[in-house]
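Visitor: Numbering (the working numbering), first residue to last: 678 to 1105.
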Amino acid sequence: MNILLIGSGGREHALALAIAGSPSCDRLFVAPGNAGTAAHGENVSLDVADHDAVVAFCREKDVGLVVVGPEGPLVAGLVDDLAAAGIAAFGPRRVAAQLEGSKGYTKELCAEYGIPTAAFARFDALEPALANLAATGAPIVVKADGLAAGKGVVVAETAAEAEEALRAIFSGALGAAGASVVMEEKLEGEEVSFFALCDGKTALPLASAQDHKRVFDGDVGPNTGGMGAYSPAPVLTPALAERVMAEIVRPTLVAMAERGTPFVGILYAGLMLTAQGPKLIEYNVRFGDPEAQVLMPRLASDLVAAMLAACEGRLEGIDLRWRDDAALTVVLATRGYPGALETTGSTIGGLERAGALPGVSVFHAATAREGERLVARGGRVLAVTGTGRTLAAARDRAYEAVDRIDWPEGFHRRDIGWRALGRDGVGS
Ligand code: AMP
Ligand code: GLY
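Below you can see the structure in the form of structure tokens.
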């Protein structure tokens, strides 16, 4: 079968590698892809916002499955339009994608179905939001309702910070994403991510993975899309995973099915492990980036077969198999990220030497080829994954590979995995 993968990040490079390795994949197209995905398929310059153009491309190339990497096209209803044209697509439809596309939608669903989450209130104007702030005080978390590329959440320690965030959102700083806000209780605990493959009725948990959202070593500095990740995440014990499935994931699938908008795709729950148990911080409706760069190298099952089973409602009785080896990935970003980038178009060297190490995969994100040169074209540029029998071994391999890369305009964290490695008693 011919497959079209939508997206251009490190996540999509990891997915492209897994899809191209499936016995059911004939031709793989990636729109728009990056310099890394070009090694596993054909990059095509499709405008994915133009759904008619995507449908026409699928018909012309006899595409039997579309895999949507990022949330934007899911929230925009690409899967609905493909389905209407009779083309199978992996990912939720528009309304189900509201689990990521609207924080208020998710909070109200949690309230209706008793899914544990922070206490909240939703506002669509500044004055009542300020009145709520005056009543509750700080700390408080202020969130723009819609997709805001990671810029929509302020964990305010003081009322002044919260007020500033509210004024910015309601003055249009985030555009339509800020048409309404959720204000919620600040949760205390350790954050973990949880992923499940869903077919609308059945959810299969994926292997555990955890990312590092802050830009600098020690988990300090501004939030990013993710500076590194590892799998497994020892904090997610089997008992805890079962609790998350029972209290959060399965009730969500039931709720979505009851509403007539069943959830198909990857449900990615951001959780806080509080003293009262796991609580939902937010949902994403896709694979994490860079979590996919540690999950895909560990997946022993056929990814395409699993995705088709999800699209066709056949996940019950299917078993996803994972390799015992651990995986750890280090993101290399352009200096300045997540703020203004110091450079663009700088040359990256040493990738062949890095990728030649055993147990290492170098995933591309914002890269492009300019003649013989590989150049950086954005914030997060590479994710270097090492695998090994233990997390410590995976970490050592990843950093050995990172140290072979010659890119003075880039930077990375040196402490990816520190929490898990400390917990293992391995030390870092
Ligand atoms: P989100 O975009 O919803 O993932 O929020 C970004 C980050 O803000 C999360 O990863 C958490 O670190 C933090 N956060 C969001 N909501 C809360 C909350 N209710 N309590 C504490 N931290 C939060
Ligand atoms: N790693 C965080 C995300 O994919 O949203």
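Backbone N, C-alpha and C fix where the C-beta goes; we use that ideal spot for every residue, glycine too. Fair warning: this is a prediction, and the values are worked out from it, not measured in the lab.
Going by alpha carbons, who is nearest to A1017 out of R1000, R1054, G1026?
Guide: Comparing Cα-Cα distances from A1017 to each of R1000, R1054, G1026, the minimum goes to R1054.
Visitor: What runs of the beta strand (DSSP E), each 3 residues or longer, lie entirely inside the stretch 884-965?
Guide: Fully enclosed beta strand (DSSP E) runs of 3 or longer: 891-893, 897-900, 905-908, 941-951, 954-961.
Visitor: Going by the C-beta, is Q900 closer than 8 Å to any heavy atom of ligand 1?
Guide: According to the sequence as given, residue 900 is Asn; it is not Gln. N900: yes, Cβ under 8 Å from ligand 1.
Visitor: Where DSSP assigns a beta bridge to T1064, which residues make up the other side?
Guide: Answer by DSSP bridge pairing, in chain order: A1004.
Visitor: Using beta carbons (cut-off 9 Å, strictly below), is P1085 in contact with chain D?
Guide: Of the chains in the structure shown, none is chain D; there is only one protein chain.
Visitor: Measuring from the CB of Y907, is there a heavy atom of ligand 2 at a distance below 8 Å?
Guide: No, ligand 2 has no heavy atom inside 8 Å of this Cβ.
Visitor: Please classify S1038 as buried or exposed, where buried requires at least 16 neighbouring CB atoms within 10 angstroms.
Guide: S1038 should be labelled buried.
Visitor: Under 5 Å from any heavy atom of ligand 2, by CB: list those residues in chain order, please.
Guide: Here the list is D888, G903, G965, D966.
Visitor: Please report the Cβ distance between S793 and I925, rounded to the nearest whole angstrom; I am assuming they are in contact, meaning their Cβ atoms lie under 8 Å.
Guide: Sequence check: residue 793 is Pro here, not Ser. With a Cβ gap of about 7 Å, P793 and I925 count as contacting.
Visitor: Between the alpha carbons of P1085 and R1074, how many angstroms are there, rounded?
Guide: In a straight line, the C-alpha of P1085 is about 21 Å away from that of R1074.
Visitor: Determine, using beta carbons only, whether F752 and L681 come nearer to each other than 9 Å.
Guide: Looking at the sequence itself, residue 752 is Val, so the reference to Phe does not match. No, these two residues do not count as a Cβ contact at 9 Å.
Visitor: Below 6 Å CB to CB, which residues in the same chain sit around A760 once its five sequence neighbours on both sides are set aside?
Guide: Within the same chain, A760 has no close Cβ partners at all.
Visitor: In three-state terms, what does DSSP make of V721?
Guide: Correct three-state label for V721: coil.
Visitor: What did DSSP end up calling K878 once you bin it into helix, strand or coil?
Guide: If DSSP states are grouped into helix, strand and coil, K878 belongs with coil.
Visitor: On the three-state DSSP scale, how would you describe E865?
Guide: Coil, per DSSP.
Visitor: Closest to L985 by C-alpha separation, out of H690, D1001, I696, T914, would be which residue?
Guide: Looking at the Cα atoms, I696 is the closest of the given residues.
Visitor: Taking all protein chains shown into account, do 16 or more other C-beta atoms lie within 10 angstroms of the C-beta of S722, making it buried, or fewer, making it exposed?
Guide: Classification for S722: exposed.
Visitor: For S1105, does the three-state DSSP call read helix, strand or coil?
Guide: With a pLDDT of 38 at S1105, under the threshold of 50, the predicted position of this residue should be treated as unreliable, and no value is reported.
Visitor: Here's the rule: buried if 16 or more other CB atoms are within 10 angstroms of the residue's CB, otherwise exposed. What is R1030?
Guide: Classification for R1030: exposed.
Visitor: So is G1104 buried or exposed if we call it buried at 16+ other beta carbons inside 10 Å?
Guide: Below a pLDDT of 50, predicted positions are generally treated as unreliable, and G1104, at 40, falls in that range; the measurement from the model is reported next regardless. So G1104 counts as exposed.
Visitor: Near Y782, what residues of its chain come up, given a Cβ to Cβ distance below 6 Å and the 5 sequence neighbours on each side ignored?
Guide: Cβ neighbours of Y782 beyond the five flanking positions: Q775.
Visitor: Are E789 and R799 closer than 9 Å when you measure CB to CB?
Guide: Their beta carbons are not under 9 Å apart, which means E789 does not touch R799 by this criterion.
Visitor: Taking the DSSP output, what are the residues bridged to L1059?
Guide: In the DSSP output, where bridge partners are listed per residue, L1059 has L1009, H1041.
Visitor: At which residues does the beta strand (DSSP E) containing K820 begin and terminate?
Guide: Start and end: 817-821.
Visitor: Taking only the alpha-carbon atoms, compute the straight-line gap between G880 and L992 and give it to the nearest angstrom.
Guide: The residue you asked about is not Gly; residue 880 is Ala in the sequence shown. Approximately 8 Å, taken between the alpha carbons.
Visitor: Which same chain residues end up closer than 6 Å to F964 when comparing Cβ atoms and leaving out the 5 residues on each side of it in sequence?
Guide: The answer, listed in chain order, is R688, I943.
Visitor: From the DSSP output, which residues share a beta bridge with L681?
Guide: Partner(s): F706, V743.
Visitor: Could you give the first and the last residue of the continuous alpha helix (DSSP H) run that contains R975?
Guide: It is not in any alpha helix (DSSP H) - R975 carries neither H nor E in the DSSP assignment.
Visitor: Could you tell me the distance, in whole angstroms, from the CA atom of G718 to the CA atom of A708?
Guide: In a straight line, the C-alpha of G718 is about 10 Å away from that of A708.
Visitor: Pick out whichever of C735, G829, L807 has its Cα sitting closest to the Cα of E959.
Guide: The shortest C-alpha separation from E959 is found at G829.
Visitor: Within the continuous alpha helix (DSSP H) that includes V772, where are the two ends?
Guide: Counting along the chain, V772 falls outside any alpha helix (DSSP H), and DSSP gives it neither H nor E.
Visitor: Any heavy atom of ligand 1 closer than 8 Å to the CB of M818?
Guide: The sequence shown places Val at residue 818, rather than the Met named in the question. V818 Cβ: within cutoff of ligand 1.
Visitor: From A977 to A773, what does the alpha carbon distance come to, in whole angstroms?
Guide: Rounded to whole angstroms, A977 to A773 spans 28 Å at the Cα level.
Visitor: So does L864 have its beta carbon nearer than 8 Å to some heavy atom of ligand 1?
Guide: L864: yes, Cβ under 8 Å from ligand 1.
Visitor: Whole-angstrom Cβ separation of L1005 and T1062, contact assumed at under 8 Å?
Guide: Confirmed, about 7 Å.
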